[in-house]
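Enquirer:
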Amino acid sequence: MPNNDKQPRRHDLRNIAIIAHVDHGKTTLLDAMLRQTGFFHDKAGEERICIMDSNDLERERGITILSKNTSVKYGDTTIHIVDTPGHADFGSEVERVLRMVDGVLLLVDALDGPMPQTRFVLKKSLTLGLKPIVVINKIDRLNCDPHAVLDKVFALFMELGATDGQLDFPIVYACGRDGWATMDAKVKGSDLKPLFETIIKHVQGPLQKDSEPLRMLVTMLDYSSYTGRIGIGRIFQGTVAAGQQVSLASPVSAARTRKVMQVVGFSGLLQVQRASARSGDIVALAGLEGIEVGDTVSATDSPGFLPGLEIEPPTLSMGFFANDGPFSGRDGKFVTITQLRDRLLREQESNVGLKVVAIPGESGFKVSGRGELHLSILIETMRREGYELCVSKMVVITHEENGVTVEPVEYLVLDSPAQFQGPIMESLGMRGAQMKDMVVCDDGRVRFEYIISSRALIGFKSEFMTMTRGAGLMHHSFHGFMPEGNFQPPKRNGVFIAKETGKTASYALNSLQDHGAMFVGPAQDVYMGQVVGENSRGNDLVVNPCKEKKQSNMRSSTADMSIVLTPPRDLTLEQAIEYVEEDEFVEITPHYLRLRKKVLDHSLRKRGDKEFI
C-alpha cells in the first residue's frame, strides 16, 4: 500500500465524527462549537435546546437517532463534523459515518466512564485505523474523577487491541453545557479554543487527489420530492460538478450512468448549493436515481467502486399489519395496507439497518431492526405521522454457523443502589446471563456487567426499573452471536379480554379490579377481543367491562354508591411491545395504544382454558 504520509494533504479541511455513549453530551458539545464559531447565538430568555437534535423524538428522549452533518470555520480551517447516534440500535449509522472521517472525538462522561456504546463505537473506529482524541466531558459534575476515568479509557484501548499510535491519544477536558475546554483538569477553561486547536493539530487533513478519477462513497441517503434520492458521502479522489455525468456502481450491482443535478455542501446548520466539490469534501449529490448506500460515484471514463460497507445484521423482527379492528380509521389518516407498505419501503431507502419483507399469505410485513429501540422509534414516528397499524410480538433472529444455531447476545451494564443487588442477580441468573464484572462504588451504588442473549433481555427493562423503583440505569449493546441457549422466558399472567363492544362502566371495573390490574378506565370505548387488563392468575378470562348495574326501585346501600377505582396501568409503547404474546397485537393509532387478540371473536379462538364471568 502507498505511504499516505508522503502524499500531499489539504490544510484547509478536517473531517471528524463525535462518538460516545448515549447521553454523554455529544450534541450539546457540538451546539457549543456552533455557537462559538458564530453560526448560532443564544437569545435572552430563550430555553437552551440542542439545535442538532432536530427530530421531535430526539428532543423528547434526549438521544440522537440520525446522523447530522455540519461544519464550522475556525481561522482558515473548515472543520466538518458529523454528530452520530449514541445507542447501539442505531449502530449502522455509526459504522457508515466513520468511513467519511479522518479522526474522531471520543467523549467520555467524567463520572460514568466508558460505557457499552463507548466500547462499541471505539472498536469500530480503531478497526478503521482512526486515531481518537479523548474528550473527558462534564468535568463539572459532583464527585467526578477525570483521572480515574482516563485510566479506564486507556485500559479499554488496550483491551480492544489499539496500536501504539492509537494509544498515544491527546486528552481534552471539557464542559460542553457551559462551552469550555481545558488541557488541565484542575484549571477551568473559558472557551473551546483548546479543543479546536487540538483537532487541527492532531487530525490530518484529507489526501489531496483532485487530479485522479472521481471516487465518492455514498454512506447516507436523503430524499427530496423535487430532486428525488440524494446521496451523501465523502469524495475520496477527483472532483464533481453540477450537470456532470457520473457512474454508479457497487460490489453487488452493475454500473449505471446518472447526471448530477445539484452539489450541496454543509455550512453551519445550512445546506449550501455549490458549483463543484473536490477530494476530501463531504457533500450531497442530488438527482442520482436509484442510488443506494454503499454505491460508489465514479467518473464515466474510469468507472470503479470502493470497498463496500459492512453493516451488522438485524437482531430482532416483528410483524407490521394494517389495523383491522372495529375502530380502524377513527383516529388516523393512513390506514390501508398499501399506505403502510409505501411508508415502510420509503423508510428502508434511508434506514439501512432496517429490512422489510412481505409475509407470504398475509397482508403484513416482517420488519427487522437492530434492537427494540430501533423498531419502537420507527413505530412512534409513523404514529405521529398519522398512521394506524398493528404490530406483533418481537422475535429474535437466529441463523446457522457450522451447523449450530446461534443467536445475538448483548453486553449489558447495570447501575443501581446496592440494596437491590440480590434481586437483580437472581433475575439475571434465571435469564441465563453470564456475569463479567461487578464493582461496588463509593457512593453506595453497584455496577454490573453481563453477557446476555437478546431473547432473554426482552421484557427485562420494565422488570429492572420496577425492581430498583426507578433508581437503576441500564445500557446494552450488540456483542456478537453465541450458540442458542435453553432460556425459557417466564410465563406472563393471563389477561382480561373484552366480551363485547361498548363503553366501560365503573360498576364492572370495580369488580374486575379485585381479580387483577386494569388497562382501561371508566367511560372508555373498548371492543370485543381487546385486552382490557391483566389477570392475577395464569389463565385468560373473557369479561364484560361494559356491564352496568341493574336498575331497581330499591334504595342503594352506601357501599354500592361509593365505588373507588384504582387508576389503570398506562403502558408505554416499549412496554406494550414487550408485553404482548404470540396470539396478540399492539394496536397503534396517533392518540391510542390498545392491546388486542389477533382473533377478536372469542368463539373462534381455540383456547381450552376460557372462563366467563
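What the sequence shown shows, in the working numbering, is residues 5 to 617, in sequence order.
By construction, the Cβ of each residue, glycine as well, lies at the ideal position given by its N, Cα and C atoms.
1. When burial is assigned at 16 or more other CB atoms within 10 Å of the CB, is C179 buried or exposed?
2. Within the same chain, show all residues whose beta-carbon is closer than 6 Å to that of L461, passing over the 5 residues directly before and after it, in chain order.
3. What do you get for E293, buried or exposed, if any count of 16 or more other CB atoms within 10 angstroms of its CB means buried?
4. Where does I203 fall in DSSP's three states?
5. Need the endpoints of the alpha helix (DSSP H) that L379 sits in, please.
6. Run through the stretch 167-235 for me and flag every whole alpha helix (DSSP H) of 4 or more residues, listed as ranges in chain order.
7. Please identify the residue among F500, A527, T342 whose C-alpha is closest to the C-alpha of H519.
8. May I have the straight-line CA-CA distance separating F482 from S457, to the nearest angstrom?
9. With distance defined between alpha-carbon atoms, name the residue in N19, I23, D80 nearest to N141.
10. What are the boundary residues of the alpha helix (DSSP H) that includes R39?
11. Which partner residues does R435 have in the DSSP bridge list?
12. Ordered along the chain, which non-local residues of its own chain (more than five positions away) have a Cβ less than 7 Å from that of R282?
13. What residue does the alpha helix (DSSP H) around D113 start on, and which one ends it?
14. So within the stretch 495-546, which uninterrupted beta strand (DSSP E) runs reach at least 3 residues, ignoring any that extend past its ends?
15. Beta-carbon separation of V400 and R459 under 7 Å?
16. Does DSSP classify D155 as helix, strand or coil?
17. Please go through the stretch 289-336 and give each complete beta strand (DSSP E) segment of 3 or more residues, from N-terminal end onward.
18. Measuring only the C-alpha atoms, how far is V276 from V267?
19. Report the CB separation of L349 from V360 in whole angstroms; it is logged as a contact under 8 Å.
20. Secondary structure at Y78, three-state DSSP: helix, strand or coil?
21. Relative to the C-alpha of T505, which candidate in N497, R600, M429, M486 has its C-alpha closest?
22. What's the call for K47, buried or exposed, on a 16-neighbour Cβ count within 10 Å?
23. Could you check where the alpha helix (DSSP H) with T470 kicks off and where it finishes?
24. If you measure between the beta carbons of I204 and T74, is that distance less than 7 Å?
25. Is G29 buried or exposed, if buried means 16 or more other CB atoms sit within 10 Å of its CB?
26. Would you report the Cα separation of N539 and M486, rounded to the nearest angstrom?
27. Buried or exposed for K503, please, with buried defined as at least 16 other CB atoms from any protein chain shown within 10 angstroms of its CB.
28. With DSSP run on the structure shown, which of helix, strand or coil describes P136?
29. Note down the Cα distance separating R374 from M398, rounded to an integer number of angstroms.
30. Under a CB-based cut-off of 7 Å, is P118 close to chain D?
31. With distances taken from CA atoms, which of H151, G484, L577 is nearest I383?
32. Opposite P73 in the DSSP bridges: which residues?
33. For D87, does the count of other Cβ atoms within 10 angstroms reach 16, so buried, or fall short, so exposed?
34. Can you list, in chain order, the residues of its chain whose CB lies under 6 Å from that of D144, leaving out five sequence neighbours each side?
35. Around the Cβ of R219, are there at least 16 other Cβ atoms within 10 angstroms (buried) or fewer (exposed)?
36. Within its chain, find whatever has a CB closer than 6 Å to the CB of R260; leave out the 5 residues flanking it on each side and keep chain order.
Expert: On the basis of the supplied data:
1. Residue numbering aside, residue 179 sits at position 175 when the sequence shown is read from its first letter. When all chains shown are included, C179 counts as buried.
2. Here residue 461 refers to the residue found at position 457 of the sequence shown. Answer for L461: E414, listed in chain order.
3. Taking the sequence shown and counting its residues from 1, one reaches residue 293 at position 289. So E293 ends up on the exposed side.
4. Locating residue 203 in the sequence shown gives position 199, where the first residue counts as 1. Helix at I203.
5. Residue 379 sits at position 375 when you count from the first residue of the sequence shown. Note, L379: alpha helix (DSSP H), 376-388.
6. 168-171, 197-206
7. Within the sequence shown, the letter at position 515 stands for residue 519. Of F500, A527, T342, the residue nearest in Cα terms is F500.
8. Stepping through the sequence shown from its first residue, residue 482 is reached at position 478. Stepping through the sequence shown from its first residue, residue 457 is reached at position 453. Going from the Cα of F482 to the Cα of S457 covers about 10 Å.
9. Taking the first residue of the sequence shown as 1, we reach residue 141 at position 137. Here the closest residue by C-alpha is I23.
10. As a position in the sequence shown, residue 39 is number 35, starting the count at 1. 30-40 is the span of the alpha helix (DSSP H), which, as asked, contains R39.
11. Translated into positions along the sequence shown, residue 435 becomes position 431. Partner(s): none; R435 has no beta bridge.
12. In the sequence shown, counting from the first residue as 1, residue 282 sits at position 278. Within the same chain, R282 has close Cβ partners D214, I239, T243.
13. Counting from 1 along the sequence shown, the entry for residue 113 is found at position 109. No alpha helix (DSSP H) contains D113, which is instead part of the beta strand (DSSP E) from 107-113.
14. 499-502, 520-522, 534-539
15. Here the question's residue 400 lines up with position 396 in the sequence shown. Here the question's residue 459 lines up with position 455 in the sequence shown. Result yes, Cβ atoms of V400 and R459 sit closer than 7 Å.
16. In the sequence shown, counting from the first residue as 1, residue 155 sits at position 151. Looking at D155 - three-state DSSP - the assignment turns out to be helix.
17. 300-303, 320-326
18. Stepping through the sequence shown from its first residue, residue 276 is reached at position 272. Stepping through the sequence shown from its first residue, residue 267 is reached at position 263. Straight-line Cα distance between these residues: approximately 9 Å.
19. Taking the first residue of the sequence shown as position 1, residue 349 is located at position 345. Taking the first residue of the sequence shown as position 1, residue 360 is located at position 356. Sure, about 6 Å apart at Cβ, within 8 Å.
20. Numbered from 1 along the sequence shown, position 74 holds the residue referred to as residue 78. Of the three classes helix, strand and coil, the one that applies to Y78 here is strand, per DSSP.
21. Translated into positions along the sequence shown, residue 505 becomes position 501. Nearest of N497, R600, M429, M486 to T505, Cα basis: R600.
22. If you number the sequence shown from 1, residue 47 lands on position 43. In this prediction, K47 scores a pLDDT of 42, lower than 50, which makes its location untrustworthy; the coordinate-derived value is nonetheless stated afterwards. Classification of K47: exposed, given that the 10 Å Cβ count is below 16.
23. As a first step, residue 470 must be located in the sequence shown, where it is residue number 466. Note, T470: alpha helix (DSSP H), 464-471.
24. One-based indexing of the sequence shown puts residue 204 at position 200. One-based indexing of the sequence shown puts residue 74 at position 70. Result no, Cβ atoms of I204 and T74 do not sit closer than 7 Å.
25. To locate residue 29, count along the sequence shown from 1; it is residue 25. Answer is buried; the Cβ neighbour count reaches 16.
26. Stepping through the sequence shown from its first residue, residue 539 is reached at position 535. Stepping through the sequence shown from its first residue, residue 486 is reached at position 482. About 36 Å.
27. Residue 503 sits at position 499 when you count from the first residue of the sequence shown. Buried, because 16 or more other Cβ atoms sit within 10 Å of the Cβ of K503.
28. Here residue 136 refers to the residue found at position 132 of the sequence shown. In this structure, P136 counts as strand in the three-state DSSP scheme.
29. Numbered from 1 along the sequence shown, position 370 holds the residue referred to as residue 374. Numbered from 1 along the sequence shown, position 394 holds the residue referred to as residue 398. The straight-line gap from Cα to Cα measures roughly 12 Å.
30. Absent from the structure is chain D; it holds one protein chain and no more.
31. Taking the sequence shown and counting its residues from 1, the one referred to as residue 383 is at position 379. Nearest option by C-alpha distance: L577.
32. On the sequence shown, residue 73 is found 69 positions in, with the first residue counted as 1. Here the sequence assigns Asn to residue 73, which means Pro is not the residue at that position. According to DSSP, which records beta bridges pairwise, N73 is partnered with V86.
33. The residue labelled residue 87 in the question sits at position 83 within the sequence shown. Buried.
34. Indexing the sequence shown from 1 puts residue 144 at position 140. Same-chain partners within the cutoff: C179.
35. What you label residue 219 is simply residue 215 of the sequence shown in a count that begins at 1. With 16 or more other Cβ atoms within 10 Å, it is buried.
36. For the purposes of this step, residue 260 is identified with residue 256 of the sequence shown, where counting begins at 1. L252.
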